[in-house]
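Residue numbers (the numbering used here), protein chains in the order written: chain F, -4 to 438; chain U, 5 to 330.
Heads up, the thing below is written out as structure tokens.
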Amino acid sequence: MALTGLQIFKQLPKTNCKDCGNPTCLAFAMALAAGKTSLDKCPHVSEEAKDALGAAAAPPIKLVKIGSAISELELGDETELFRHDKRFFHPTAIAVLVEDTEDIAARVASFNELEFDRVGLHFVTDMVALQCSSNDAATFSAAAELVAANTDKSFMLICEDVAIMDAAATAVASRKPLLYAATNDNYEAMTALAQKVACPLAVKGNGLANLAELVDKITKLGYKELVLDSGSRETSQVLADLTQIRRLAVRKRFRSFGYPAMAFTSKTDALEEVVQANVYVAKYAGLVVVKASKKEEILPILSWRQNLYTDPQKPIQVEAKAVAIGDVTPDSPVYITTNFSLTYYIVEGEVESSKVPAYIVPINTDGISVLTSWAAGKLTGEAIAKALVANDMEAKVNHKTLVLPGYVAVLSGSTAEATGWKVLVGPREASGISKFAKENFVK
Amino acid sequence: MAFSAMKEKYRNKVGTVVLGATKEDGGTRGYTITVGGESTLPFLHFEGDIPNRPVVALEVWDVAPTDWHECFAPYYGDVFGNAAMWAKKCVEEFGADLIILRLKGADPDIADASVEDCVKVVKDVLAAVPCPLVVLGCGKVEKDNEILPAVAEATSGEGLLLGLAEQENYKSLTAACMVHNHNLIAGSPIDINICKQLNILITEMNLPSNRIIIDPTTAALGYGLEYGYSIMERARMGALQGDNMLAMPIIGNVGNEVWRTKEANISTADAPAWGEQENRSILWEATTATALLQAGMNIVILRHPKAVTLVKQNIEELMVPANFDE
């Protein structure tokens, strides 16, 4: 059972030395009880206390690392069931399945291209999941070495035959792949192998009750670098399983489920698979293995993951620097907006599709939207004047007319005064920009 | 330690709304659709009832759209400009559970269709398909206040779902829904307080809460989807914890949002790094929809027929009861 902050406090040195980063031992104890920190942050705690605190001191879900230093992935260490309660921390790793009977170099080369740039962000596909379909140690091992040689990304090895896994895992042990998987039939030998090569180990159960038993057997053998797979493959059952694993770990401190969880898609049609994967990304998978491998299939999954793992308290910002859209000339219009990335990119998209080349000047509002930043006094005539000067707009265009977002039409007067520019009130919604541009800037 | 499932028992459940009315109930629909009624978070069959699956609507316009991507032409090219045929095709060929008819042509900047034209197109669509119908205005408040009450009157008793009622403009549409036995969409701008406030205002006018669907505003994948997702999730949690003024079923205007994005529209040649355009756009719709289904959406509005197939497939799989071997 979880301990209260006071029960934990009794075991601490009570020196208030602050070495753990908390102002007092009591604050540290409270943070431990809430699962927001770990006992190893205290350099002075006694061995006796460590044993006594045991489970209560560990974070609800262990942080598990896959891969070597060149591209280490971190899974788990989540503390919430809903992103609006705080945030999700370690984005779901997406692994693309490759069989050892395929042309490994070619498959890995196209995997390496699954990186995307959109809305100022760079998205990467995290892992190759190499599956042993050959049932041959030499083939699997050679394929593993080819994967290691052809990508810097992390990878996992899928094979339940310990002898075959041993050959491959030993060959690429320095890259610390995830070994999939320990099962009811092989767990003793597979756990010994994971310990020997010091690689994280996936545990595949047969339903949640069996998974809990199996995890307990493996941790008794002394290994805790685990990733959990309930073994379910039907969409609604996987959703139920992932939900239980997260709930029990976070709310009940159920130690057997205190590890990141993973899921495999089961659909054969790539588009259906993407949809299935999105369910698992939404609800608690730390790792999802997909067969889909085309750019248009992977990009939506990575975009959803990015949205979901955004910190709800910290809006994403763009650099507050003027951007030229299209082939601008000194006659091009100048649009004002804020540096809240969502606002900025929607405006950018609409200006682009208006086919009227223009400058966009995002004002630094600490990443908040037009109306909110106006209300907070961050979007003002003075702020716009400063941005026009900082971006040297008078040198870039031969007119002195700016377009103000329609929602802040009320700023027209003060903006005209502060900037000396003529103010044109634009549409309230970015979707009106095309029409606005055609009416005002196309002769 | 032995596994024992952790099951939540909520105090409340989501309200139900019946869309459409058959002959017995004063309408002409071949069937009705009931949404809502769940007593737990989306698809968690192990701890509550989910009596009605979420439904998928396809969007039909009264005028031929001039700005829809060319990839729609093979599906709708022959029916663009004929709303009744378009709706029929969506139901019969593309598997839409219901139709949303957007009276875009009423927009003074588009075709400035008259009240009579709008009423006629609604009646034509009703005659062409047996499913319940959602009717949305053109989005220009003054014009919508002319056309929607007239549509409500001319289709009295059909149990349409009419929208959009907003905080600044809900009275005439609410009154029209009350008098003529229709249902109402209450729209709020990604703000849970306004969402709740508007429901209070509408029910204070005596439209019962089982005639209201909420539209908390959704954004597209990659463009703030997480805001809409979290608002929906919070509203649904509020409903289950006992707040009846958040307990209405939820509609999501997915297609309209997705087709404003660059990711849905830009050609394969212009953005080779993003892959093939049509499947990318289908997945942009389907991903936005499946994400929001996990937050509690009950009615999904889409545009691409293949996205309908994918989303319905996903719903079907998620409606399979799951339980644990304890």
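C-beta atoms are modelled at their ideal positions from N, C-alpha and C, and glycine is treated no differently.
Note that the coordinates shown come from a computational prediction; the quantities given were computed from them, not determined experimentally.
Rounded to whole angstroms, residue 402 of chain F and residue 341 of chain F show a C-alpha spacing of 15 Å. Contact between the region 418 to 428 of chain F and the region 345 to 364 of chain F is present: three or more C-beta pairs spanning the two stretches fall below 8 Å. Assigned with DSSP and collapsed to three states, residue 298 of chain U falls in coil, not helix or strand. By the neighbour-count criterion, in which a residue is buried when 16 or more other Cβ atoms sit within 10 angstroms of its Cβ, residue 174 of chain U is buried. Nearest neighbour of residue 302 of chain F by Cα position, chosen from U:226, U:18, U:252 and U:159, turns out to be U:226. Among the CB atoms of chain U, one or more fall inside 8 Å of the CB of residue 273 of chain F.
Residue state for residue 319 of chain U is assigned as helix, using DSSP reduced to three classes. Residue contact check for residue 229 of chain F against chain U: a CB pair falls below 8 Å.
Rounded to whole angstroms, residue 89 of chain F and residue 239 of chain F show a C-alpha spacing of 21 Å. Interface flag for residue 87 of chain F against chain U is unset, since no Cβ pair is found closer than 8 Å. Beta-bridge partners of residue 65 of chain U (DSSP): U:106.
Sequence-ordered contacts of the region 212 to 224 of chain F with chain U are nonexistent [C-beta pairs closer than 8 Å]. Chain U has no Cβ within less than 8 Å of the Cβ of residue 313 of chain F. When the beta-carbon positions are compared, residue 136 of chain U and residue 279 of chain U stay at least 8 Å from each other. Contact residues of the region 328 to 344 of chain F toward chain U are 337, 340, 341 and 344 (C-beta to C-beta distance below 8 Å). Taking 8 Å as the cut-off, the Cβ atoms of residue 374 of chain F and residue 356 of chain F do not count as close.
Residue 9 of chain F and residue 28 of chain F have their alpha carbons spaced roughly 16 Å apart.
Residue 260 of chain U and residue 40 of chain U have their alpha carbons spaced roughly 23 Å apart. Chain-ordered listing is empty here: chain F has no CB closer than 9 Å to the CB of residue 244 of chain U, the nearest sitting near 12 Å. DSSP places residue 79 of chain F within a helical segment (H, G or I) once states are collapsed to three. Residue pairing from DSSP places residue 320 of chain F in a beta bridge opposite F:353.
Contiguous beta strand (DSSP E) elements confined to the region 200 to 225 of chain F occur at 221 to 224, taking only those with 3 or more residues. Residue 333 of chain F carries a strand assignment under DSSP once its states are collapsed to helix, strand and coil.
Contact annotation for residue 308 of chain U against chain F: no contact, minimum CB-CB distance about 11 Å [criterion: below 7 Å]. Within chain U, no residue has its CB atom less than 7 Å from the CB of residue 48 of chain F, the nearest being about 18 Å off.
Neighbours of residue 291 of chain U across chain F, judged by C-beta separation under 9 Å: 269, 270, 273, 295, 296, 298 and 299.
For residue 39 of chain U, the enclosing beta strand (DSSP E) starts and ends at 37 to 40. Residues of the region 235 to 252 of chain F with a Cβ closer than 7 Å to any Cβ of chain U, in chain order: 235, 238, 239, 242, 243, 246, 247, 249, 250 and 251.
Considering only F:145, F:120, F:406 and F:400, the residue with the shortest C-alpha distance to residue 286 of chain F is F:120. From the beta-carbon of residue 79 of chain F, the residues of chain U found nearer than 8 Å are 234, 237 and 238.
Per DSSP, residue 254 of chain F lies in no beta strand (DSSP E) and is assigned neither H nor E. Residue 111 of chain F: member of the beta strand (DSSP E) spanning 110 to 113, first to last residue.
According to DSSP, residue pairing for residue 175 of chain F in a beta bridge involves F:153 and F:197. When C-beta atoms of the region 282 to 302 of chain U are compared with those of the region 243 to 258 of chain U, three or more pairs fall below 8 Å, so the two segments count as touching. As summarised for the region 6 to 47 of chain F, there are no continuous beta strand (DSSP E) elements at least 3 residues long confined to that stretch. Excluding five sequence positions before and after residue 200 of chain F, the CB atoms of its chain that fall closer than 6 Å to its own CB belong to 206, 209, 225 and 226, given in chain order.
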